[in-house]
Structure formats: C-alpha cells, structure tokens
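For reference, the structure is listed below as structure tokens.
Numbering (our numbering), first residue to last: 399 to 649.
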C-alpha cells in the first residue's frame, strides 16, 4: 500500500523486514530476518570490496556505482516484486499519504504505539549508534593505527562482512530454535560490546581480526533476533511503519 511504499523511500530495509514479516510466522521469523541480514552481508562484501577498489582509482567512482545499483533495484522492485499483503482500505486518503511522506524520525516520538514499542525503539537507537560509530570511524582508525589505504580497509571490511552474513544465514535459525531470541539478543550484545572494546585496544592485525570477527558474530545473531522480537509486538497492519521507525534510529 502507499504508506509502505513511501516508508520504503526513507528506509528500504524496514520495508524488506515488513515484507518478511508478512511471509513468515513467529517461529520462523528470526530465520527470515537472518536471511535478510545474510543478503545484506553479501552486498556489504561485494560493495565494500568494489568501493575500495574503485575509490583507489577515483574517489567519485563508488558513488556512481552505488547510484547505478540503486536504479537497478528500483526497476526490479517495480516490475518483479509482488505485493505481500491483500489490499486494505486506505487510511485517511491524502492525509494518510501526506503523513507517510513525513520523515520517520519526526514521527517516531509522536506516533509510537505502546510502551513495548518505545522500549524496542530506544534499544534500537543504542544498537545502531554503536554500529554506526564503528562503521564511520573504522577507516580513520585503520589509517591512523595501521596506515591502511582505501583498498586495504575495504578488503578487510569485506572479510568481516563475510562472517556477518554467514552467521545470519547459517546460525540464526538454529539458535532461535535452540535458545530462543531473547537469549540470542543478550549473548550477541555482550559479544559485540566486548569485541568493540577489544578493537579499540588492538595494536596488531591478529588481535584486530579476532575482535572484528567477534563483533560480526555478535551483530549477526543480535540484529535478526532483536528485529524478530520487535515485529512480534507490532500488529501485522503496522509492520511497514514500525519497521521503518526502527530503521529511523539508524539515521
């Protein structure tokens, strides 16, 4: 429907998670979210490696490549992706459409339904804050401490992303059935926090690699499990909006 489509403009990952919510039941949802994470991991591997290579040739080339891939994704979604939900009556007509166009961060504080959703969004904020800091600062950290260039940094991040994608695609389903999503989230967050602290203290390649793998494993099991838990406190009709709100915490 139109609100979901407009939300996708601001947070396509949230829209993909809502789509997966429609296609899975509660027992298999964590595994479904893990598949999205695995696909993202593959994209990070290819994109980061290619970005490092292209950036070494010309700093502007990664931006042109990204724009081309985004345009291809738009065409595929427009013509090849079926709607996952049956048509529902429009809510509010043009008023509802105008509301959907408001950036999600502005709506989060005003339109979240219930204490549980607020708590999950608050925790999403802290999770994404930590991951965003590592993502944005690591190239500077690698250049200052290890004297790496763009290509070296890109290839290292690509290797870490392989671990991230593999953990989401291979382990999430089994762990969710074995220990449950709540314990997965707790273990994953603890592993991620310890590993990030270890990365900051790393002065050798071996230590940095071990801590980076730990961070990737922790994030790989935390994000799908936590997203699945969040989807269960949201009504099915709210999935698109609430998933986009969770991604608003990233921005």
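Every residue, glycine too, gets a C-beta built ideally from N, C-alpha and C. These numbers were taken from a predicted model, which means no experiment stands behind them.
Buried/exposed call for residue i, threshold 16 Cβ in 10 Å
i           : result
residue 522 : buried
residue 430 : buried
residue 517 : exposed
residue 525 : buried
residue 598 : exposed
residue 570 : buried
residue 427 : buried
residue 441 : exposed
residue 445 : buried
Length of the line joining the Cα atoms of residue i and residue j
i           : j           : result
residue 617 : residue 478 : 31 Å
residue 416 : residue 475 : 15 Å
residue 449 : residue 557 : 14 Å
residue 547 : residue 530 : 20 Å
residue 549 : residue 535 : 16 Å
residue 574 : residue 582 : 7 Å
residue 438 : residue 471 : 13 Å
residue 425 : residue 454 : 45 Å
residue 563 : residue 591 : 19 Å
residue 537 : residue 480 : 39 Å
residue 578 : residue 631 : 16 Å
residue 608 : residue 600 : 10 Å
residue 552 : residue 585 : 28 Å
residue 468 : residue 447 : 17 Å
residue 457 : residue 625 : 35 Å
residue 629 : residue 527 : 20 Å
residue 466 : residue 513 : 41 Å
Nearest candidate by alpha-carbon position, reference residue i, set the options
i           : options               : result
residue 627 : 614, 608 and 580      : 580
residue 539 : 527, 526, 554 and 525 : 554
residue 605 : 575, 544, 467 and 631 : 544
residue 653 : 607, 600 and 567      : Any question about residue 653 goes unanswered here, given that the chain covers just 399 to 649.
residue 619 : 603, 595, 587 and 599 : 587
residue 602 : 629, 625 and 542      : 542
residue 576 : 623, 595, 551 and 552 : 623
residue 532 : 578, 596, 515 and 440 : 596
Residue range of the unbroken alpha helix (DSSP H) whose run includes residue i
i           : result
residue 473 : 459 to 478
residue 522 : 513 to 544
residue 628 : 603 to 630
residue 580 : 579 to 598
residue 426 : Note, residue 426: premise wrong, no alpha helix (DSSP H); not H, not E.
residue 548 : 548 to 568
Cut-off 7 Å between Cβ atoms - residues of its own chain near residue i, not counting five sequence neighbours on either side
i           : result
residue 615 : 561, 565 and 589
residue 434 : 414, 415 and 418
residue 452 : 459, 460 and 463
Chain-order list of residues whose beta-carbon lies under 6 Å from that of residue i (same chain, five-residue window excluded)
i           : result
residue 612 : 589 and 593
residue 572 : none
residue 610 : 558
residue 422 : 430
Any non-hydrogen atom of the ligand MN closer than 7 Å to residue i Cβ
i           : result
residue 563 : With respect to the ligand MN, the structure shown offers nothing to examine, as it has no ligands at all.
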